[in-house]
Ligand SMILES: Cc1cc2nc3c(=O)[nH]c(=O)nc-3n(C[C@H](O)[C@H](O)[C@H](O)COP(=O)(O)OP(=O)(O)OC[C@H]3O[C@@H](n4cnc5c(N)ncnc54)[C@H](O)[C@@H]3O)c2cc1C
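Residue numbers (my numbering): 4 to 462.
Okay, here's the thing in structure tokens:
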């Protein structure tokens with residue numbers, strides 16, 4: 004009976020750990036819960052880097068403080084006050100435009116003046132008010148082009164590279180922005196829908212403020228370590244197979260475990276490997292994108308513009324997808340009189356760059372950044388971080404995959420699926436989906452539909 008539980012959660016990444024947290028919180032009875040993890044540490048993609056006084060991230064660098072489920076989680080584990088905040092309203096974000104960094108407009112008045120889009124391009128955006136919504140799914144590029152015109156494509160491209168490390172010619176608008184699509188279909192126009200929503204929010208006296216980016220003084224790993232806390236986690240126990248008789252039996256490298264309910268909190272492809280025997284999925288696997296982070300310590304003479312960082316649309320033909328100006332966002336992550344920036348390379352469009360040697364990546368990243376930012380002296384510190392965690396891409400077959408998940412969950416009593424790439428890819432998406440999953444498991448399988456969210460900031 005030692006290996007028998009009420010609920011087993013596979014995966015001790017942010018999804019699995021959040022699901023365990025909410026399960027304990029939302030269950031009326033005290034449940035025996037075990038989290039089963041392949042590696043020897045919690046956190047999955049979330050891992051903080053520390054060397055010679057520089058602190059960077061292998062995975063996520065920040066998440067926005069605008070999601071109630073994440074706020075709840077942080078309060079529950081007493082991390083809300085500890086979190087460092089970088090308010091979007093106080094920082095600039097930059098786009099690489101014709102070889103230079105231009106500020107991304109943060110308000111209507113700056114949007115009207117921005118050199119990023121021509122006057123004709125700006126006027127074309129309003130055609131959205133008359134364009135009839137297309138009901139079928141489209142790539143993000145096709146959708147943006149149809150609704151807002153070609154002048155907006157570089158901005159959308161940068162947004163998609165900055166979040167998914169993805170290719171907007173392949174990602175599905177229905178999968179990536181379901182809330183915006185619902186608004187478009189309901190009101191006939193994205194702009195009209197947004198205006199309506201804003202008016203309704205004012206009526207409900209909600210303060211319209213831009214959110215803040217969050218991280219922790221000791222890095223993002225703080226969150227997953229705090230979540231792992233006193234939970235029962237079986238480390239070094241890669242799951243090899245799952246059986247279902249009267250209960251669920253999970254076979255791992257560290258033995259077999261049984262439970263009445265099973266939460267699979269894994270990235271889409273790992274979940275498909277374990278679950279496809281129960282019902283054939285529409286795809287064997289989905290595409291993923293890997294990204295390299297070049298952690299760069301710069302002397303004080305480097306003229307890093309004030310802001311979060313920049314993104315480069317593909318048409319700019321740059322080596323780096325973009326960079327985060329970490330020292331501006333979250334100070335004290337480098338030795339005194341130095342600055343830290345983190346440069347991103349690779350992604351869905353440039354997997355070939357992942358195969359370059361560290362020294363070549365370092366040299367090309369420094370050259371690329373040096374053409375955008377004045378670097379009178381060479382970097383003081385440079386390190387190439389290659390994470391094995393890839394970002395799932397929500398491309399055109401994603402809707403079919405979600406229908407498959409729904410049918411598997413309803414056919415197989417006691418099975419719940421969440422994790423990286425199912426309901427989005429960001430940390431807020433994971434926490435939200437994990438809470439929903441935990442609530443359904445705590446209620447013995449009862450699920451509810453929720454209102455689709457329109458995110459105010461996509462990058
Ligand atoms: C490079 C990169 C940058 C990112 N940047 C951001 C960002 O800035 N902001 C943001 O909001 N999000 C960002 N993300 C996304 C964020 O990291 C994810 O949303 C989140 O970490 C996913 O958590 P997860 O638990 O679903 O998956 P994972 O973190 O992948 O965790 C899954 C866990 O399951 C374990 N596992 C896998 N297979 C098995 C098995 N067979 N048996 C047992 N255990 C198994 C793994 O070891 C892992 O611990 C980034 C992701 C990456 C990769």
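Ideal Cβ placement from N, Cα and C applies to all residues, glycine included.
Check, Outcome
"Go to residue 324, then tell me how far its beta strand (DSSP E) extends in each direction, as first and last residue.", "323–327"
"Alpha carbon to alpha carbon, what distance is there between residue 6 and residue 300?", "48 Å"
"Strictly by DSSP, which residues pair up with residue 267?", "13, 420"
"Assign residue 398 to buried or exposed, taking buried as 16 or more other Cβ atoms, counted over all protein chains shown, within 10 Å of its Cβ.", "buried"
"Our contact map puts residue 344 next to residue 307 with C-beta atoms below 8 Å; I'd like the distance itself, whole angstroms only.", "6 Å"
"Indicate, with yes or no, if ligand 1 has a heavy atom lying under 6 Å from the CB of residue 326.", "no"
"Let me know if residue 310 comes out buried or exposed under the rule of 16 or more other beta-carbons within 10 Å of its beta-carbon.", "buried"
"Measuring straight from C-alpha to C-alpha, what distance separates residue 133 and residue 382?", "51 Å"
"Which class does residue 401 belong to by DSSP, given the choice of helix, strand or coil?", "helix"
"Locate the beta strand (DSSP E) running through residue 356, then write down its first and last residues.", "Careful: residue 356 lies outside any beta strand (DSSP E) and carries neither H nor E."
"Do the CB positions of residue 116 and residue 224 come within less than 7 Å of each other?", "no"
"Below 8 Å on the Cβ atoms is my guess for residue 47 versus residue 14; work out the distance and round it to an integer in Å.", "7 Å"
"Taking 6 Å as the cut-off, is the beta-carbon of residue 16 closer than that to any non-hydrogen atom of ligand 1?", "yes"
"Which runs of the alpha helix (DSSP H) fall wholly inside the stretch 6–82 and span at least 4 residues, in chain order?", "17–29, 71–79"
"Is residue 124 closer than 7 Å to residue 1 when the C-beta atoms are compared?", "Only positions 4 to 462 of the chain appear in the structure, and residue 1 is not among them; the question remains open."
"Name the residue from 103, 215, 96, 41 whose alpha carbon lies nearest to the alpha carbon of residue 68.", "215"
"Just the Cα atoms here: how many angstroms apart are residue 278 and residue 378?", "51 Å"
"Could you tell me which residues DSSP puts in a beta bridge with residue 392?", "Partner(s): none; residue 392 has no beta bridge."
"Quick check: what's the CA-CA separation for residue 330 versus residue 59?", "10 Å"
"Taking only the alpha-carbon atoms, compute the straight-line gap between residue 137 and residue 157 and give it to the nearest angstrom.", "22 Å"
"Does at least one heavy atom of ligand 1 sit under 6 Å from the Cβ of residue 294?", "yes"
"Looking at C-alpha atoms only, which residue of 205, 235, 392 is the closest neighbour of residue 271?", "392"
"With distance defined between alpha-carbon atoms, name the residue in 366, 437, 350, 161 nearest to residue 384.", "366"
"Are three or more beta carbon pairs between the stretch 104–114 and the stretch 234–252 nearer than 8 Å?", "no"
"Looking at C-alpha atoms only, which residue of 417, 33, 336, 201 is the closest neighbour of residue 54?", "336"
"Helix, strand or coil for residue 462, going by three-state DSSP, please let me know.", "With a pLDDT of only 42 at residue 462, under 50, the local geometry of the prediction cannot be trusted, and the value read off the model is given with reservation. In the structure shown, residue 462 sits in coil (DSSP, three-state: anything other than H, G, I, E or B)."
"Smallest Cα separation from residue 380: which of 409, 342, 403?", "342"
"Counting only the same chain and skipping the five closest in sequence on each side, list residues whose C-beta sits under 6 Å from that of residue 462.", "Below a pLDDT of 50, predicted positions are generally treated as unreliable, and residue 462, at 42, falls in that range; no measurement from the model is reported."
"For residue 251, name the three-state secondary structure that DSSP assigns.", "strand"
"Kindly give me the distance between the Cβ atoms of residue 177 and residue 131, rounded to whole angstroms, as I take these residues to be in contact under 8 Å.", "That pair is no contact at about 17 Å."
"So, with DSSP's three-state summary, where would you put residue 302?", "strand"
"Check this for me: beta carbons of residue 17 and residue 327, under 7 Å apart or not?", "no"
"Check whether the Cβ of residue 72 sits closer than 6 Å to any heavy atom of ligand 1, and report yes or no.", "no"
"My output table needs one value for residue 96: the three-state DSSP class, helix, strand or coil.", "strand"
"Compute the Euclidean distance between the alpha carbons of residue 460 and residue 180, then round it to the nearest angstrom.", "Summary for residue 460: the model assigns pLDDT 49, below 50, so the residue's position carries little reliability; its value from the coordinates is reported in the next sentence. Roughly 11 Å separates the two Cα atoms."
"Jot down the residue ranges of each uninterrupted beta strand (DSSP E) in the stretch 166–228, minimum 3 residues, whole runs only, in chain order.", "215–218"
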